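Step one of this worksheet: look at the structure below.
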Amino acid sequence: MTEQLRELARRRGFFFQANEAYGGVSGFYTYGPEGAALKRNVEDAWRDRFVTREGNMEIDSPTVTPEPVFVASGHLDGFDDMLVECAECGESHRADHVVEDETDIEDAETYPTEKVADIIADHDLACPSCGAPLAGQPVEEFNLMFDTTIGPGSGQPGYLRPETAQGMFTEFPRLKEYAREQLPFGVAQIGAGYRNEISPRNALVRAREFTMAELEYFVDPEGEGPDLDRVADVDLPLYPADAQAADGEEYVHLTPREALEEGVVRGEWVAYFLARSKEWFERVGVDMERFRFRQHLPGELAHYASDCWDAESEIDGGWVELEGVASRTDYDLSKHAEHADDTFTVFKQYDEPKTVERATVDPDMSYLGPEFGGDAADVADALEALAERDRAAFDGSAEQRSADSSSGETPREDQVTVEVEGEEYTVPTEKTGFSVEEVTESGRHVVPHVVEPAFGVGRAVYTVLAHNYHEDEVEGETRSVLRLPPEVAPTTVGVFPLMDKDGLGERAQDVAADLREAGLSVTYDDSGNIGRRYRRQDEVGTPYCVTVDYESLEDDTVTLRDRDSTDQVRVDVDDLADVLPSLTGGDRDFEDL
RNA sequence: GCGCCGAUGGUCCAGUGGUAGGACUCGAGCUUCCCAAGCUCGCGGCCCGGGUUCAAUUCCCGGUCGGCGCACCA
Numbered sequence: 001m002t003e004q005l006r007e008l009a010r011r012r013g014f015f016f017q018a019n020e021a022y023g024g025v026s027g028f029y030t031y032g033p034e035g036a037a038l039k040r041n042v043e044d045a046w047r048d049r050f051v052t053r054e055g056n057m058e059i060d061s062p063t064v065t066p067e068p069v070f071v072a073s074g075h076l077d078g079f080d081d082m083l084v085e086c087a088e089c090g091e092s093h094r095a096d097h098v099v100e101d102e103t104d105i106e107d108a109e110t111y112p113t114e115k116v117a118d119i120i121a122d123h124d125l126a127c128p129s130c131g132a133p134l135a136g137q138p139v140e141e142f143n144l145m146f147d148t149t150i151g152p153g154s155g156q157p158g159y160l161r162p163e164t165a166q167g168m169f170t171e172f173p174r175l176k177e178y179a180r181e182q183l184p185f186g187v188a189q190i191g192a193g194y195r196n197e198i199s200p201r202n203a204l205v206r207a208r209e210f211t212m213a214e215l216e217y218f219v220d221p222e223g224e225g226p227d228l229d230r231v232a233d234v235d236l237p238l239y240p241a242d243a244q245a246a247d248g249e250e251y252v253h254l255t256p257r258e259a260l261e262e263g264v265v266r267g268e269w270v271a272y273f274l275a276r277s278k279e280w281f282e283r284v285g286v287d288m289e290r291f292r293f294r295q296h297l298p299g300e301l302a303h304y305a306s307d308c309w310d311a312e313s314e315i316d317g318g319w320v321e322l323e324g325v326a327s328r329t330d331y332d333l334s335k336h337a338e339h340a341d342d343t344f345t346v347f348k349q350y351d352e353p354k355t356v357e358r359a360t361v362d363p364d365m366s367y368l369g370p371e372f373g374g375d376a377a378d379v380a381d382a383l384e385a386l387a388e389r390d391r392a393a394f395d396g397s398a399e400q401r402s403a404d405s406s407s408g409e410t411p412r413e414d415q416v417t418v419e420v421e422g423e424e425y426t427v428p429t430e431k432t433g434f435s436v437e438e439v440t441e442s443g444r445h446v447v448p449h450v451v452e453p454a455f456g457v458g459r460a461v462y463t464v465l466a467h468n469y470h471e472d473e474v475e476g477e478t479r480s481v482l483r484l485p486p487e488v489a490p491t492t493v494g495v496f497p498l499m500d501k502d503g504l505g506e507r508a509q510d511v512a513a514d515l516r517e518a519g520l521s522v523t524y525d526d527s528g529n530i531g532r533r534y535r536r537q538d539e540v541g542t543p544y545c546v547t548v549d550y551e552s553l554e555d556d557t558v559t560l561r562d563r564d565s566t567d568q569v570r571v572d573v574d575d576l577a578d579v580l581p582s583l584t585g586g587d588r589d590f591e592d593l
């Protein structure tokens, strides 16, 4: 099936390997005319569901991203792994981890690979799996992010984004303004992401450049949940972590509300988006008999996720991840708040203003300035942060006195020490302007939590193709047909003259032009006999075909043929522009015509 | 990245130390006329580099790409 599908995809222009004229490179694909249309329709359906109907906003951020963003997000640490492979058992290990586990060295991760290889040789380190010596084995670095240089010369380092999500996070300070600081709100993006996969496989399933559709839904961790009534009847095929540990594949079928009540799914928003996702996958043509939500096992969770469910489809006996619905908590926004020079919180007003005690500082800059020079402002910021965090530091705790006395200096109760970029600065407490005041707060700054449904568009397209490919037997002949939902089919209607003579061709051309003018995606075909033309359209999933015959010339009717049943009805030419959209939109059924 | 297998028209395959053939598709024409019909004609190909050889698509080496298994998939 896969081979036939792959062949169909190539031959009919759904997708194929890119740059084949130059030998091709693994992991890159071009969507041909049919595939690009199918993909666009899938994306449009996603946009309709997760942007328009959810009332979210869509953005479009750059794919080239400066390095500091990934320092903050944590991707820089995660992708720059050093691997060493055991010659004996073939197992790959993190070279830096081997070194750190077996020696006193604690920061092997920061060493160049050659040095790590030397250390392994010098210490006669062995393979953690089989015990064979690793000395002499090369230590190799692999980057999962594509790097680039921004600007001329050495420029500044940048990376192609491994996910579109960071764009939504880095622009959060503006986006929250557009949302009028009202949680919850969602920001979505459809675009390319890049991962320099070690071994791309399986066509669109694991590509190095691929389209993602991601929604970052920002919620108040203490706020109200979604309206689960709207998805009350959705049956979720759940495959929880504990069921995966057990033998067999026991799925649990629950509604979102049941799943929450039974504690299978943690988090109302996750449950809500699982339901919306399932409905959407069904809408674009994923077979629900070959679909499930699988919970990530604890060790499988990404560095940013607290809980994650993958939507998966079954293709040829294997399961393909289509979507991850992750609880990213406040990880991303907190990280960017730490690293970036902006505010990643939303101000949440209390119902009633509160009076609270708050520790503040008002540093004497006429002292700090001369004392610390250019660092004075940073010291002042550090003092403010310290006051919020630990007001005891300002009244000379026992611990601090003890520390001071042990250093041999005169105990000083009246000073406070802060650290700025590794340097310690000591300031007399009286110069900090420290005080504890009663203030009235009308609200507080909340770091929103993020619930992220992230879809792989290419994988969805691939699944839709695989799940809708059928071979019928028609009078002993095999008929290949893609039973795509009309909404996503690349072409809505094929228009043919029964024969290309006696004016039928001209009449059919007019019909095709009129339907195009009405906004429909139309293919005109006058080549070969009529049956061949129907089969061509069947193979690319065109749901309807219109044939102009001799009767058309008399009474302005045409035959309208249904892909799945191959049934035909006669329809007035003038009605086509209304009938076809109502059929594809699901407002009418073919049988009722 | 490792191992095994493979690479010949758009697609699927056969074959050969003297540059190749079929089927399907596609195009033109005739014929038929509502579900891959028939006939005629036509377009179109040996992954790349090196070696052996008078001569390599064929044999050898290396590479690239693909499939499968392992590893990897933050």
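Sequential numbering from 1 applies to the first sequence in the UniProt record's numbering. Don't be surprised by glycine CBs; every beta carbon is placed ideally from N, CA and C. This one's a predicted model, so the numbers in the text were calculated from it and none came from an experiment.
Please go through the stretch 309-385 and give each complete beta strand (DSSP E) segment of 3 or more residues, from N-terminal end onward. List check, beta strand (DSSP E) in window: 318-329 and 346-360.
Can you tell me whether Phe28 is helix, strand or coil according to DSSP? In the three-state reduction of the DSSP assignment, Phe28 falls in the coil class, being assigned neither a helical nor a strand state.
Along the chain, where does the alpha helix (DSSP H) containing Ile530 start, and where does it finish? Ile530 to Glu539 is the extent of the alpha helix (DSSP H) around Ile530.
Less than 8 Å separating the beta-carbons of Gly35 and Phe14? Yes, the Cβ-Cβ distance between Gly35 and Phe14 is below 8 Å.
Buried or exposed by the 16-neighbour rule on C-beta atoms within 10 Å, applied to Ser582: Result: exposed.
I'd like the list of long-range same chain contacts for Thr65, defined as Cβ closer than 7 Å, with 5 residues on each side in sequence excluded. Around Thr65: Gly158, Tyr159, Arg161 and Gln166.
Output the distance between the C-alpha atoms of Val540 and Leu482, rounded to the nearest integer angstrom. Taking the straight line from one Cα to the other gives about 6 Å.
Taking the beta carbon of Glu399 as the centre, do at least 16 other beta carbons fall within 10 Å, making it buried, or is it exposed? Note that Glu399 scores a pLDDT of 48, beneath 50, so its modelled location is shaky and nothing firm can be said.
Collapsed DSSP secondary structure at Pro581 in the structure displayed: The answer is helix: DSSP assigns Pro581 an H, G or I state.
Straight-line Cα distance separating Val511 from Tyr239: Cα to Cα, the separation comes out at about 50 Å.
Is Tyr544 helix, strand or coil when you go by DSSP? Tyr544 falls in the strand class under three-state DSSP.
Use the C-beta contact count for Lys431: other C-beta atoms within 10 angstroms, 16 or more gives buried, fewer gives exposed. By the 10 Å Cβ count, Lys431 comes out buried.
Nearest-angstrom Cα separation, counted from Pro497 out to residue 594: Look at the range of the chain in this structure, 1 to 593, and you will see that residue 594 is not part of it.
Cβ neighbour criterion (16 or more within 10 Å) applied to Val41: At residue 41 the sequence reads Asn, which differs from the Val that was named. Buried, because 16 or more other Cβ atoms sit within 10 Å of the Cβ of Asn41.
Taking 7 Å as the limit between beta carbons, can you name the residues of its chain near Glu43, skipping five residues before and five after? For Glu43, where only same-chain residues beyond five positions count, the Cβ hits under 7 Å are Ile190, Ala213 and Val457.
Count Cβ pairs between the stretch 416-423 and the stretch 348-355 that sit closer than 8 Å; are there 3 or more? Contact fails: fewer than three Cβ-Cβ distances are below 8 Å.
Nearest-angstrom Cβ-Cβ length linking Ser256 and Leu236, presumed shorter than 8 Å: Note that residue 256 is Pro in the sequence shown here, rather than Ser. Confirmed, Cβ separation roughly 7 Å.
With H, G and I counted as helix, E and B as strand and the rest as coil, what does DSSP make of Ile494? It should be pointed out that residue 494 corresponds to Gly in this sequence rather than to Ile. In this structure, Gly494 counts as strand in the three-state DSSP scheme.
Please report how far the alpha carbon of Thr426 lies from the alpha carbon of Gly374, in whole angstroms. Their Cα atoms are separated by approximately 15 Å.
Of the residues Phe590, Ala45, Asp500 and Gly519, the one placed nearest Tyr550, counting alpha carbons only: Looking at Phe590, Ala45, Asp500 and Gly519, the one whose alpha-carbon comes closest to that of Tyr550 is Asp500.
Rounded to whole angstroms, what is the Cα-Cα separation between Pro312 and Gly285? Here residue 312 turns out to be Glu, not Pro, going by the sequence shown. So the two alpha carbons sit approximately 14 Å from each other.
Distance, Arg563 Cα to Asp587 Cα: If I take the Cα positions, the gap works out to 17 Å.
Pull the bridge partners of Arg561 from the DSSP assignment, please. Partner residues in the beta bridge of Arg561, as assigned by DSSP, are Cys545 and Gln568.
If you draw a straight line from the alpha carbon of His445 to that of Glu181, how long is it in whole angstroms? Roughly 10 Å separates the two Cα atoms.
What would DSSP say about Glu473, mapped onto helix, strand or coil? Looking at Glu473 - three-state DSSP - the assignment turns out to be strand.
Throw me the rounded Cβ distance for the Arg276 and Asp307 pair, which I believe falls under 8 Å. In fact, because the Cβ distance is near 17 Å, the residues do not count as touching under 8 Å.
So, with DSSP's three-state summary, where would you put Arg201? In the displayed model, Arg201 falls within coil according to three-state DSSP, outside both helix and strand.
DSSP on residue 595, reduced to helix/strand/coil? Because the chain in this structure spans residues 1 to 593, residue 595 falls outside the shown range and cannot be described.
Ends of the alpha helix (DSSP H) at Met212? Counted as a single uninterrupted DSSP element, the stretch harbouring Met212 is not any alpha helix (DSSP H) but the beta strand (DSSP E) occupying residues Glu209 to Val219.
DSSP bridge partner residues for Pro237 (one or two, in chain order): For Pro237, DSSP records a beta bridge to His253.
In terms of DSSP beta bridges, what is Arg479 paired with? In DSSP, Arg479 forms a bridge with Asp472.
Taking the C-alpha atoms as reference points, what is the distance between Val558 and Gly503? Roughly 14 Å separates the two Cα atoms.
Cut-off 6 Å between Cβ atoms - residues of its own chain near Thr386, not counting five sequence neighbours on either side: The sequence given here has Leu at residue 386, not Thr. Non-local beta-carbon contacts of Leu386 in its own chain, meaning distances under 6 Å to residues more than five positions away in sequence, involve Ala393 and Val418 in chain order.
8 Å Cβ cutoff met for Leu560 and Tyr534: The Cβ atoms of Leu560 and Tyr534 do not sit closer than 8 Å to each other.
With C-beta atoms as the reference, is Arg208 less than 8 Å away from Asn196? In contact: Arg208 and Asn196 (Cβ atoms closer than 8 Å).
From Thr542, Pro486, Glu289 and Pro298, residue whose alpha carbon lies closest to that of Ala245: Comparing Cα positions, the closest option is Pro298.
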